[in-house]
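Participant:
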Amino acid sequence: MANDPRRGTGRRGETVAAKLLQRSGYTVLERNYRTREGEIDLIAARDGTLVFCEVKTLVARPGGPSSGPATPLEAVGPAKRAQVRRVARVWLAGQGSLPARAVRFDVVGVLLSPAGRLLEVEHLEDAF
87 MANDPRRGTG
97 RRGETVAAKL
107 LQRSGYTVLE
117 RNYRTREGEI
127 DLIAARDGTL
137 VFCEVKTLVA
147 RPGGPSSGPA
157 TPLEAVGPAK
167 RAQVRRVARV
177 WLAGQGSLPA
187 RAVRFDVVGV
197 LLSPAGRLLE
207 VEHLEDAF
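Under the working numbering, read the sequence shown as residues 87 to 214, first letter to last.
1) Keeping to the same chain, check which residues put their C-beta closer than 8 Å to that of A131; ignore five residues upstream and five downstream.
2) Of all the options V194, L198, V189, which has the alpha carbon lying nearest to the alpha carbon of T135?
3) Look at the alpha carbon of E140 and the alpha carbon of P164, and state the distance between them as a whole number of angstroms.
4) Closest to G94 by CA distance: which of G124, T143, L107, K105 is it?
5) Got a sec: is the Cβ-Cβ distance from W177 to anything in chain D below 8 Å?
6) On the CB-based measure, 16 or more other CB atoms within 10 Å of its CB, does L204 come out buried or exposed?
7) Grab me the residues of T157's own chain with a C-beta within less than 7 Å of its C-beta, minus the 5 sequence neighbours each way, in chain order.
8) A202: buried (16+ other C-beta within 10 angstroms of its C-beta) or exposed?
9) Quick one: which unbroken alpha helix (DSSP H) runs of 4-plus residues sit fully inside the region 132-183? Chain order, please.
10) Using only CA atoms, which one of E211, F191, N118, H209 lies nearest to A168?
11) Roughly how far, in whole angstroms, is the beta-carbon of L106 from the beta-carbon of H209, given that I think they are within contact range, below 8 Å?
12) E206 to D212, Cα distance in whole Å?
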């Protein structure tokens with residue numbers, strides 16, 4: 087698993103997403119927050135809103151997708167959304183008090199070329 091190229095792809099996407107959020111005025115509070123329940127890629131805050139963000143990175147295939155999701159955002163299904171909510175509850179429970187006025191769940195989709203060049207990035211606020 088140490089040589090799994092998907093890990094590098096995922097890290098690249100998370101870096102792109104974190105930079106996008108920061109340029110949009112968010113403060114990234116955590117990256118890759120892990121519990122027994124799973125992981126949240128990014129936890130960020132802006133203007134009193136706490137954002138739990140799932141980042142999905144896909145590598146474009148020549149001729150388009152032959153199977154699987156057509157876009158990175160489509161790849162975040164019901165099971166992943168439920169997992170992110172469970173991990174968010176664990177993170178919030180560890181805070182003692184709510185560090186924001188509102189909580190939101192976002193998705194950032196990152197599309198890379200087979201060579202690793204950024205093709206597209208999309209931030210979907212309040213995705214689930």
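In this text, a Cβ means the ideal position worked out from N, Cα and C, and glycines have one as well.
Facilitator: Per the coordinate set shown:
1) Here residue 131 refers to the residue found at position 45 of the sequence shown. Contacts found: Y112, T113, L115, V137, P185, A186.
2) As a working mapping, residue 135 is identified with position 49 in the sequence shown. Comparing Cα-Cα distances from T135 to each of V194, L198, V189, the minimum goes to V189.
3) Residue mapping note: residue 140 aligns to position 54 of the sequence shown, counting from 1. Residue mapping note: residue 164 aligns to position 78 of the sequence shown, counting from 1. Straight-line Cα distance between these residues: approximately 12 Å.
4) Taking the first residue of the sequence shown as 1, we reach residue 94 at position 8. If we check each option's Cα against that of G94, T143 comes out closest.
5) Absent from the structure: chain D. Only one protein chain is present.
6) Numbered from its first residue, the sequence shown carries residue 204 at position 118. L204 should be labelled exposed.
7) Within the sequence shown, numbered from 1, the residue matching residue 157 stands at position 71. The answer, listed in chain order, is G195.
8) Against the sequence shown, residue 202 aligns to sequence position 116. Checking the displayed sequence, the identity of residue 202 turns out to be Gly instead of Ala. Under this definition G202 is an exposed residue.
9) 164-179
10) On the sequence shown, residue 168 is found 82 positions in, with the first residue counted as 1. The shortest C-alpha separation from A168 is found at F191.
11) Numbered from 1 along the sequence shown, position 20 holds the residue referred to as residue 106. Numbered from 1 along the sequence shown, position 123 holds the residue referred to as residue 209. At roughly 6 Å, the Cβ-Cβ gap stays under 8 Å, so L106 and H209 are in contact.
12) Here residue 206 refers to the residue found at position 120 of the sequence shown. Here residue 212 refers to the residue found at position 126 of the sequence shown. Cα to Cα, the separation comes out at about 20 Å.
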